[in-house]
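Q: Please find one structure pasted underneath; my questions will follow.
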Amino acid sequence: MKQTAILGAGVMGETLLSGLVRAGRRVDHLLVGEKRAERARELEERYGVAVVGNVEAATKADTVAIVVKPQDMADLLEEIGPVLRPGQLVVSLAAGITTAFIESRVPDGVAVVRVMPNTPALVDEGMAAVSPGTHCDDSHLAEAEELMASVGKVVRIPERQQDAVTAISGSGPAYIFFVVESMIEAGVHLGLPRATATELVIQTLVGSAKMLRETGTHPTVLREQVTSPGGTTASALRELEVHKVRAAFLAAMESARDRSRQLAEGD
Numbered sequence: 008m009k010q011t012a013i014l015g016a017g018v019m020g021e022t023l024l025s026g027l028v029r030a031g032r033r034v035d036h037l038l039v040g041e042k043r044a045e046r047a048r049e050l051e052e053r054y055g056v057a058v059v060g061n062v063e064a065a066t067k068a069d070t071v072a073i074v075v076k077p078q079d080m081a082d083l084l085e086e087i088g089p090v091l092r093p094g095q096l097v098v099s100l101a102a103g104i105t106t107a108f109i110e111s112r113v114p115d116g117v118a119v120v121r122v123m124p125n126t127p128a129l130v131d132e133g134m135a136a137v138s139p140g141t142h143c144d145d146s147h148l149a150e151a152e153e154l155m156a157s158v159g160k161v162v163r164i165p166e167r168q169q170d171a172v173t174a175i176s177g178s179g180p181a182y183i184f185f186v187v188e189s190m191i192e193a194g195v196h197l198g199l200p201r202a203t204a205t206e207l208v209i210q211t212l213v214g215s216a217k218m219l220r221e222t223g224t225h226p227t228v229l230r231e232q233v234t235s236p237g238g239t240t241a242s243a244l245r246e247l248e249v250h251k252v253r254a255a256f257l258a259a260m261e262s263a264r265d266r267s268r269q270l271a272e273g274d
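If you count by my numbering, then the sequence shown holds residues 8 to 274, one letter each, in order.
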């Protein structure tokens, strides 16, 4: 089995590491690049994985997963670029960083895959979109997909769609949490204890999501099944339409897409 290195041992980096271990990846085929001694010891004790410097990890690995903040990408590539080699796979989970940005800073022939993950990967329910760079073949993409499948679902898309994916699923959990927060506050306003309102809203969200996934029914059909003519749901939905909630979601996601483009351009 090939060696895989994870550079960046923050929340998402550890999430990927733990997902790979749970998926059956042998720890002797995993490396973690981490400079902080205390964090390195913590990961070694928790997972039994070898934690080394970034350069050593990049040198030994066949696949290098980069899980750092976008603003740290250039410095990391300057550090590991000299030891990367043609045919090696670099999988970037840094938001807004293009494959062209990485390819311009690594040796020619290094395969690059760009990934947009999201935070539900923390509970193995992530949604990741992967896009190939110039030197990728199907085996490189399959390896990147296998990595991300350890923490959720994966789709393959052209890189030009990554900004839209960032707006929909990358930032999406925050929209859901915002709606949940608003519904809980509404429950409190209507006289429910906060704990009760919280339980009602969260279970309603979980159940509704499960219906969407397991029935495969279009959300419009499911909504109509709940909405009796002249009933309470119809009254509530009318208020949402009056306040242009649907249009607000579109505007919000367009704004997120545009900001993703700006970040990719270094703004």
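Glycine included, every Cβ here is placed at the ideal spot set by N, Cα and C.
Should G26 and I73 be called a contact, given that it needs their Cβ atoms to be closer than 8 Å?
A: no
Q: For G103 versus A263, is the C-beta distance shorter than 8 Å?
A: no
Q: Just to confirm my understanding: we take A57, look at its own chain, exclude 5 residues before and 5 after, and list those with CB closer than 6 Å. What are they?
A: Hits under 6 Å: L38.
Q: Give the single residue among A65, S111, T126 and T173 whose Cα lies nearest to the Cα of L96.
A: A65
Q: By Cβ distance below 7 Å, which residues in the same chain neighbour E132 in space, the five residues on each side in sequence not counted?
A: G159
Q: Can you tell me the Cα-Cα spacing of D145 and E52, whole angstroms?
A: 35 Å
Q: With C-beta atoms as the reference, is A68 less than 8 Å away from T11?
A: Yes, these two residues count as a Cβ contact at 8 Å.
Q: Mind pulling the beta strand (DSSP E) runs of 3 or more residues that sit fully within the region 103-168?
A: Correct list: 118-123, 133-139 and 159-163.
Q: For my contact list, A204 and I183 are in at a C-beta cut-off of 8 Å; report their separation, rounded to the angstrom.
A: Wrong, their Cβ atoms sit about 16 Å apart, outside the cutoff.
Q: Using only CA atoms, which one of I87, K76, M134 and V130 lies nearest to R112?
A: I87
Q: Who are the Cβ neighbours of A241 in its own chain at under 8 Å, not counting the five residues just before and after it?
A: T234 and S235
Q: Under the three-state reduction of DSSP, which class applies to L38: helix, strand or coil?
A: strand
Q: Rank G17, E153 and Q168 by C-alpha distance to the C-alpha of G43 and give the top, closest one.
A: Here residue 43 is Arg; the residue named in the question, Gly, does not match the sequence. Looking at the Cα atoms, G17 is the closest of the given residues.
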